[in-house]
Amino acid sequence: MDLVTTATSTEESERAASVAVLPVGSFEQHGAHLPLLTDTIVACAIAKAVAERYDLFLLPPVTISCSHEHAAWRGTVSISATTLAAVVGDIAASLRQSGINQLAVINGHGGNYALANVVQEANVAGPKMTLFPARADWDDARVAAGLHSTAHQDMHAGELEVSLLLHVAPEVVRDGFQHADHLADDRRHLLTRGMSGYTTSGVIGLPSHATAAKGKAVLEDLVRSFAHQHGLLSRPEHDQE
Numbered sequence: 024m025d026l027v028t029t030a031t032s033t034e035e036s037e038r039a040a041s042v043a044v045l046p047v048g049s050f051e052q053h054g055a056h057l058p059l060l061t062d063t064i065v066a067c068a069i070a071k072a073v074a075e076r077y078d079l080f081l082l083p084p085v086t087i088s089c090s091h092e093h094a095a096w097r098g099t100v101s102i103s104a105t106t107l108a109a110v111v112g113d114i115a116a117s118l119r120q121s122g123i124n125q126l127a128v129i130n131g132h133g134g135n136y137a138l139a140n141v142v143q144e145a146n147v148a149g150p151k152m153t154l155f156p157a158r159a160d161w162d163d164a165r166v167a168a169g170l171h172s173t174a175h176q177d178m179h180a181g182e183l184e185v186s187l188l189l190h191v192a193p194e195v196v197r198d199g200f201q202h203a204d205h206l207a208d209d210r211r212h213l214l215t216r217g218m219s220g221y222t223t224s225g226v227i228g229l230p231s232h233a234t235a236a237k238g239k240a241v242l243e244d245l246v247r248s249f250a251h252q253h254g255l256l257s258r259p260e261h262d263q264e
């Protein structure tokens with residue numbers, strides 16, 4: 024799975040894309056069967072697919088973000104929400120200097136709550152930034168792919184994430200996911216207790232139901248649903264007023 028673009032500046036000048044795509048992942052535990060880089064791999068897979076489909080400027084990923092709820096597990100590394108917001112804001116400002124005014128942020132980690140505020144603030148004067156996939160996009164993709172679990176059940180290192188990695192990077196999936204199911208549906212104190220308050224394995228979900236075919240179907244549906252986000256960003260500014 025390629026995590027970075029290999030385009031040259033000449034190629035990007037010829038492309039002249041008006042929308043850039045920024046994958047934002049994380050570096051955090053995903054049980055014994057998925058790598059620390061899981062969310063980054065997911066974000067990159069979605070970002071690369073939508074960039075190719077809609078001919079957008081693909082950026083390299085932000086690989087460390089807000090994973091504080093996973094701090095109980097060795098290997099997890101986080102930055103503050105303030106830092107993440109500043110990084111994305113600085114990237115958007117730099118893009119504007121080169122003539123690219125719209126940015127699609129592809130978020131692979133549910134704990135990056137700060138990104139929602141960054142995007143809201145960026146769009147006060149009109150659509151300049153989008154955050155994808157939204158919860159509804161993930162839900163639609165689950166249905167389209169025939170996933171067994173719901174989004175609430177399958178929170179972390181479960182059916183969805185294992186399926187996606189079996190499709191885009193099967194070599195990084197360790198054996199054992201077939202027997203790693205763990206449910207913790209009542210997680211009302213997650214922000215206070217962290218993930219370790221609800222799982223000892225680091226898993227909350229049903230990875231045993233994962234297949235590469237489901238991962239392929241999820242990714243294809245997300246690429247399809249991105250069309251609306253792309254339409255909002257790529258409309259001429261006078262049409263957005």
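Quick note: the sequence shown uses the working numbering, first residue 24, plus one each step.
Note that the Cβ used here is the ideal one computed from N, Cα and C, for glycine as well.
Reference residue i; option with closest CA among the options
i, options, result
"Val44", "Asp198, His93 and Glu35", "Glu35"
"Arg210", "Arg197, Asp162, Ile227 and Ala168", "Ile227"
"Phe249", "Thr61, Val73 and Leu118", "Val73"
C-alpha distance - residue i paired with residue j, whole-angstrom precision
i, j, result
"Asp204", "Val47", "26 Å"
"Ala267", "Leu82", "Given a span of 24 to 264 for the chain in the structure shown, any question on residue 267 remains unanswerable."
"Phe91", "Leu79", "The question names Phe, but residue 91 is His in the sequence shown. Cα-Cα distance, rounded: 32 Å."
"Glu264", "Arg38", "In this predicted model, Glu264 has a pLDDT of only 45, less than 50, meaning its place in the structure is not dependable enough to derive any value."
"Thr215", "Thr223", "16 Å"
"Thr33", "Ala40", "12 Å"
"Thr28", "Tyr77", "15 Å"
"Ala168", "Trp161", "10 Å"
"Thr86", "His132", "10 Å"
"Ala116", "His232", "42 Å"
"Arg165", "Ala148", "33 Å"
Sequence-distant residues of its chain with Cβ nearer than 7 Å to residue i (five each side left out)
i, result
"Gln52", "Leu59, His93, Trp96, Gly98, Thr99 and Gly225"
"Gly54", "Ala180, Ala203, Ser224, Gly225 and Val226"
"Lys237", "Ala168, Gly169, Leu170 and Ser186"
CB contact flag (residue i, residue j, <7 Å)
i, j, result
"Ile129", "Ala66", "yes"
"Leu256", "Gln125", "yes"
Own chain, CB closer than 6 Å to residue i, minus 5 neighbours either side, in chain order
i, result
"Ala104", "Cys89 and Ala137"
"Met218", "Glu92 and His93"
"Phe200", "His56, Val185 and Pro230"
Any non-hydrogen atom of the ligand ZN within 6 Å of residue i CB
i, result
"Val110", "Absence of the ligand ZN from the depicted structure is noted, as is the absence of any ligand whatsoever, leaving it without description."
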